[in-house]
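Enquirer: Each residue of the sequence shown is one higher than the one before, counting from -18 in the working numbering.
Where a beta carbon is used, it is the ideal one built from N, C-alpha and C, also for glycine.
Because the structure is a prediction, the values reported are computed rather than measured.
I'd like to ask some things about the structure below.
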Amino acid sequence: MQFKLASAQVFVPDGLPVEQALARTTHLAVAAHQDDIEIMAMDGVLQCYQRDDRWLTGVTVTDGAGSSRTGLYADYTDEQMQTVRRTEQKKAAVVGEYGAQALLDYPSSGVKDPSNPALVEDLKAIIDVARPRVIYTHNLADKHDTHVGVTLKVIEAIRALPKADRPKRLLGCEVWRDLDWLLDADKVAFNLSAQENLQATLVGLFDSQISGGKRYDLATMGRRRAHATYHASHEGDVTTGTNFAMDLTPLVADPSLHIAWSSSEGVTTAAAIIHPRESNPRLPHRNPNKPTSGNPRRGDRVPDRTTACRFIKFLPAGAASRGAGPACRRQ
Ligand SMILES: [Zn+2]
C-alpha cells in the first residue's frame, strides 16, 4: 500500500502481507498519537483479542516528533523520539494482538491544516481496503486540537466513499475530556470489565510518555473505574470499567449534516441540564436519564460555548456557516 509520506508504514504483528492483514479488519481505530488507541479504543482491542473472526487495525497519524521528553528521554532528539514512540506503538500492537498497525508519520501541523488533503487520501485508502464495521476515533469536543483535526479528516474520508463502503458506526472516544457530561441517550458506554491486566499493560507500554510524570496508565484505568461507578446513581455498578464515546455515525450516514452538529447539540443539552439548577437552587435535581425538553430559553447562559465553536476553525472557509441552522438537524 502506497501512502503519501515515504516514511509511513504498516506493521503486521503476525507477519501476514499488508493487504491481507488490512482486508481482515473488522474494527478500525484512527488516533492522533502513539498511545491514544490504547486510551480511547480499548473496546476495539477487547472485542478482537484472541478472536479469529475479528481483527483490530490501528492507525496512528502523527510522527511523535513533538513529544514531551524528560527523565530517561530528556536528551533525545526529535528523530530519536520518533523511533521510541513508533517502537512503543508496535509493542502495543503485538501485546494487544492487533491485525495491523499503520503509522502514517504526519507532523501535527499537517493534521490541523484543513487545506491539506494528503491525510484524507491515506485514510480513504486504508478504509477502502479494510472495510471496517466500526471506526473509533477522537470526539469532536476533545481539548486537543490535533485530536479534533484527526476526527475531521476521518469524517471527510468516510464521506468521500460510496455509501455501501462506509462503516456502520463511527464513534468519537474520550481522551482529553471525559464525555460523562453527555446525556446517556447521546453517548455510547463501553463495558471494559474484561482483561484489566491487559488494559493496564497496554497503556503502561508507553514509557516515554509516562516516565516523565504523566501517569496515563493510572489515570486511564482510574477514569474507567470512576465511570463504572458514577455512570448511574441509583443502581449497583454493572461494570468494573467503562469508557464513553460520542456517536458520530449520523455525520457519515448523512453527509448533508453540518459537522458542528454533534458538539453543538451536546452543549445545548448540557445547558438544558445545568442552567435550571444553577439559576434556581430550589428546583429538584433533574434525572439525566430522562429526555430534556427543547433548547435553553433566550438569554440563558450557555456553560461552554467554546466547545461547540472551537473546531470550526479547521473547516474550509465558509463551511462553518453552510448548513448551519435548520440543516443542523438531528436524525
Ligand atoms: Zn493524543
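Does ligand 1 have even one heavy atom less than 7 Å from the beta-carbon of A13?
Expert: Locating residue 13 in the sequence shown gives position 32, where the first residue counts as 1. The answer is yes for A13.
Enquirer: Is the closest heavy atom of ligand 1 to the C-beta of D198 under 7 Å?
Expert: The residue labelled residue 198 in the question sits at position 217 within the sequence shown. Every heavy atom of ligand 1 is 7 Å or more from the Cβ of D198, so no.
Enquirer: Does DSSP put L151 in a helix, a strand or coil?
Expert: Here residue 151 corresponds to residue number 170 of the sequence shown, with the count starting at 1. In this structure, L151 counts as strand in the three-state DSSP scheme.
Enquirer: CB-CB under 6 Å to I18, same chain, minus the five flanking residues each way: which ones, in chain order?
Expert: As a first step, residue 18 must be located in the sequence shown, where it is residue number 37. Excluding sequence neighbours, I18 sits near A10, A12, G39.
Enquirer: On the CB-based measure, 16 or more other CB atoms within 10 Å of its CB, does P148 come out buried or exposed?
Expert: Walking along the sequence shown from the start, residue 148 turns up at place 167. The residue is buried, with at least 16 neighbouring Cβ atoms inside 10 Å.
Enquirer: Any contact between the segment 49 to 62 and the segment -12 to 7? By contact I mean 3 or more CB pairs, one from each, below 8 Å.
Expert: They do not touch, by the three-pair rule.
Enquirer: Whose C-beta lies closer than 8 Å to the C-beta of N261 among residues of the same chain, with five residues either side of it excluded?
Expert: In the sequence shown, residue 261 corresponds to position 280, counting from 1. Reliability of the predicted coordinates at N261 is poor, the pLDDT of 41 falling under 50, and the value obtained from them is presented with this limitation in mind. Once the five neighbours on either side are set aside, N261 has no close Cβ partner at all.
Enquirer: Hey, M21 and Y117 are a contact pair by Cβ (cut 8 Å); roughly how many whole angstroms apart?
Expert: If you number the sequence shown from 1, residue 21 lands on position 40. If you number the sequence shown from 1, residue 117 lands on position 136. Right, their Cβ atoms sit about 7 Å apart.
Enquirer: Between the Cα of V315 and the Cα atoms of N178, T127, I240, R114, which residue gives the shortest distance?
Expert: Residue 315 lies beyond the stretch modelled for the chain, which goes from -18 to 312, so this question has no answer here.
Enquirer: Assuming D123 contacts V129 (C-beta within less than 8 Å), just tell me the rounded distance between them.
Expert: Along the sequence shown, one-based indexing puts residue 123 at 142. Along the sequence shown, one-based indexing puts residue 129 at 148. With 8 Å as the limit, D123 and V129 qualify as a contact, their Cβ atoms being about 5 Å apart.
Enquirer: Does the distance from the CB of A83 to the CB of I107 come in under 8 Å?
Expert: Mapped onto the sequence shown, residue 83 falls at position 102. Mapped onto the sequence shown, residue 107 falls at position 126. Their beta carbons are under 8 Å apart, which means A83 touches I107 by this criterion.
Enquirer: By a C-beta neighbour count over all protein chains shown, 10 Å radius and 16 as the cutoff for buried, is I136 buried or exposed?
Expert: Taking the sequence shown and counting its residues from 1, one reaches residue 136 at position 155. Its Cβ being crowded by 16 or more others within 10 Å, I136 is buried.
Enquirer: What does a CB cutoff of less than 8 Å around G45 pick up in its chain, not counting 5 residues either side in sequence?
Expert: Taking the first residue of the sequence shown as position 1, residue 45 is located at position 64. H14, Q15, M62, Q63, V65, R66, R67.
Enquirer: With a threshold of 7 Å, establish whether the CB of H125 neighbours any heavy atom of ligand 1.
Expert: For this step, residue 125 is matched to residue 144 along the sequence shown. Checking the Cβ of H125 against ligand 1 gives yes.
Enquirer: Taking DSSP as the reference, what is the three-state secondary structure of D103?
Expert: Walking along the sequence shown from the start, residue 103 turns up at place 122. Three-state DSSP puts D103 in a helix.
Enquirer: Using DSSP with H/G/I as helix, E/B as strand and the rest coil, what is I255?
Expert: Within the sequence shown, the letter at position 274 stands for residue 255. In this prediction, I255 scores a pLDDT of 49, lower than 50, which makes its location untrustworthy; the coordinate-derived value is nonetheless stated afterwards. Note: I255 maps to helix in three-state DSSP.
Enquirer: Which same chain residues end up closer than 8 Å to D34 when comparing Cβ atoms and leaving out the 5 residues on each side of it in sequence?
Expert: As a position in the sequence shown, residue 34 is number 53, starting the count at 1. Cβ neighbours of D34 beyond the five flanking positions: T7.
Enquirer: Count the other CB atoms, across all protein chains shown, that sit within 10 Å of the CB of Q31; report buried if there are 16 or more and exposed otherwise.
Expert: What you label residue 31 is simply residue 50 of the sequence shown in a count that begins at 1. Exposed, by the Cβ-count rule.
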